[in-house]
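Participant:
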Amino acid sequence: MLILDFIEYVHAVVAKPFVVKRHDYHNHNHLGFNQSEGQFEFMVDVNSVFARCGVAYELQSNGRVVRLLPLILRETLSRAVFRTGDKILDNALEESRAKFSSPDPIIRREALERLWDAFERLKSLADADKKRSISMILDATASEPDFRTMLDVEAKQLTDIGNNFLIRHYEKRQVPVIHTDHVDYLFHRLFAFIQLLLGRVGSTALNRRKTPPINRALSVDIGMYSRDAQSTFAGGLGLPAA
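What the sequence shown shows, in the numbering used here, is residues 762 to 1003, in sequence order.
1) Taking only runs of the alpha helix (DSSP H) that begin and end inside the segment 798-830, which ones reach a length of at least 4 residues, in chain order?
2) The alpha helix (DSSP H) with P866 in it runs from where to where?
3) Report the option in H784, V944, H940, E769 whose CA atom is closest to the CA atom of K860.
4) Thinking F811 and E819 are a contact (beta carbons under 8 Å), I'd like their distance in whole angstroms, please.
5) Output the residue ranges of the alpha helix (DSSP H) runs that lie fully inside the segment 931-962 and measure 4 residues or longer, sorted by chain position.
6) Taking L854 as the reference, give the member of G960, V842, D865 with the closest Cα.
7) Cutting at 8 Å between CB atoms, please list the residues of its own chain near H949, excluding the five before and the five after it.
8) Taking the beta carbon of H772 as the centre, do at least 16 other beta carbons fall within 10 Å, making it buried, or is it exposed?
9) So, at 7 Å on beta carbons, what are the nonlocal neighbours of H930 in its own chain, with the 5 sequence-adjacent residues on each side left out?
10) Could you check whether V938 and F926 sit closer than 8 Å to each other, using their CB atoms as the reference points?
11) Under 8 Å by Cβ, that's how I've got A901 and R961 pegged, so tell me the actual separation to the nearest angstrom.
12) Can we say the segment 775-791 touches the segment 873-884, given the rule of at least three CB pairs closer than 8 Å?
13) If you check the beta carbons only, do R828 and S862 fall under 8 Å apart?
14) Is I895 near A916, with beta carbons less than 8 Å apart?
15) Could you work out which residue in D942, M804, L899 is closest to V914 when comparing CA atoms only?
16) Restricting to Cα atoms, I'd like to know which of R825, R893, E836, V936 is closest to F767.
17) Cα separation between D942 and Q821?
18) Would you call the CB atoms of I928 and E871 closer than 8 Å?
19) Look up P973 in the DSSP assignment and say whether it is helix, strand or coil.
20) Rounded to whole angstroms, what's the CA-CA distance from P864 to E836? Just pull it up for me.
21) Output the distance between the C-alpha atoms of Q935 and L876, rounded to the nearest integer angstrom.
22) What separation, rounded to the nearest whole angstrom, lies between the Cα atoms of H940 and I922?
23) On the DSSP bridge list, what partners appear for F779?
24) Taking the alpha helix (DSSP H) that S904 falls in, what are its first and last residues?
Quick look at the structure:
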């Protein structure tokens, strides 16, 4: 990772020289330095080397080196707008997304931890009783019995993963997630599950136990969900549709 730190340092100090005027008597040029042009050319050159070597990193115009995610996941993460109505949940999701793009594998593991924190927060928002809360959310997400059963199994498995691996707890019995491809797999799996739940559940219904229900459009802008998703959840809870 030191080479990536060095690239970021060079980007911060590099500048492109240009001739201000010619000093005829001493026969040399007086130079000026254009930092923005120098940084742009340096960024283009570095990214060309990354691409030629098949390295999944990119130097951005702000001087930060980021990891290039798989195309489908990259589009999903960049498109997601977290407006769940719960600031703590929104912040956890945003932090996990930002950290997952880091080239540092340690920070990507932190992204996994924050995503599991977000999952636990999400499970508790629909009702004060956490088990009843997640059941209500899953009921609203899927009305078809077989799919609803599958979601229940997936929710329990994801909860077990967070508890049994070194993600949410740091006791000796927890199993560390060592390989970066394992980190990627777990992040993809849980993010897809959370995305499904948020896409089907409106923020008003999620926070029902905190505030009275309000008729409004879905405020979790993930994918192409709209009022239909809000109505689905409202119907599952016996609330008036938006």
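Beta carbons are placed, not taken as given, at the ideal position from N, Cα and C, and that holds for glycine.
Facilitator: Answer, in terms of the structure:
1) none
2) Locating residue 866 in the sequence shown gives position 105, where the first residue counts as 1. Unbroken alpha helix (DSSP H) run through P866: 866-884.
3) Counting from 1 along the sequence shown, the entry for residue 860 is found at position 99. Ranking H784, V944, H940, E769 by Cα distance to K860 puts V944 first.
4) Position 50 of the sequence shown, counted from the first residue, corresponds to residue 811. Position 58 of the sequence shown, counted from the first residue, corresponds to residue 819. F811 to E819, Cβ: 7 Å. Contact.
5) 941-961
6) The residue given as residue 854 occupies position 93 in the sequence shown. Taking only the C-alpha atoms, the option nearest L854 is V842.
7) Counting from one through the sequence shown, the residue named residue 949 turns up at place 188. Around H949: L834.
8) On the sequence shown, position 11 is the one that residue 772 refers to. So H772 counts as buried.
9) Numbered from 1 along the sequence shown, position 169 holds the residue referred to as residue 930. If we look at H930 and ignore the five residues flanking it on each side, its Cβ neighbours are N924.
10) Within the sequence shown, residue 926 is the residue found at index 165, counting from 1. Within the sequence shown, residue 938 is the residue found at index 177, counting from 1. Yes, these two residues count as a Cβ contact at 8 Å.
11) Here residue 901 is taken as the residue at index 140 of the sequence shown, counted from 1. Here residue 961 is taken as the residue at index 200 of the sequence shown, counted from 1. The Cβ separation is near 6 Å, so the contact holds.
12) no
13) To locate residue 828, count along the sequence shown from 1; it is residue 67. To locate residue 862, count along the sequence shown from 1; it is residue 101. Their beta carbons are under 8 Å apart, which means R828 touches S862 by this criterion.
14) Translated into the one-based positions of the sequence shown, residue 895 becomes position 134. Translated into the one-based positions of the sequence shown, residue 916 becomes position 155. Cβ atoms of I895 and A916: closer than 8 Å.
15) Taking the first residue of the sequence shown as position 1, residue 914 is located at position 153. Considering only alpha carbons, the answer is L899.
16) What you label residue 767 is simply residue 6 of the sequence shown in a count that begins at 1. The option with the nearest alpha carbon to F767 is R825.
17) Numbered from its first residue, the sequence shown carries residue 942 at position 181. Numbered from its first residue, the sequence shown carries residue 821 at position 60. In a straight line, the C-alpha of D942 is about 24 Å away from that of Q821.
18) In the sequence shown, the residue the question calls residue 928 occupies position 167. In the sequence shown, the residue the question calls residue 871 occupies position 110. The answer is no: Cβ separation not under 8 Å.
19) The sequence position of residue 973 within the sequence shown is 212, counting from 1. Per-residue confidence for P973 stands at a pLDDT of 37, beneath the threshold of 50, marking its modelled position as unreliable; the derived number appears in the next sentence. In this structure, P973 counts as coil in the three-state DSSP scheme.
20) Sequence index remark: in the sequence shown, residue 864 carries index 103 (1-based). Sequence index remark: in the sequence shown, residue 836 carries index 75 (1-based). Rounded to the nearest angstrom, the two C-alpha atoms are 18 Å apart.
21) If you number the sequence shown from 1, residue 935 lands on position 174. If you number the sequence shown from 1, residue 876 lands on position 115. C-alpha separation (whole angstroms): 18 Å.
22) Locating residue 940 in the sequence shown gives position 179, where the first residue counts as 1. Locating residue 922 in the sequence shown gives position 161, where the first residue counts as 1. If I take the Cα positions, the gap works out to 15 Å.
23) As a first step, residue 779 must be located in the sequence shown, where it is residue number 18. G793.
24) Taking the first residue of the sequence shown as 1, we reach residue 904 at position 143. Looking at the DSSP string, S904 is not in any alpha helix (DSSP H), and its letter there is neither H nor E.
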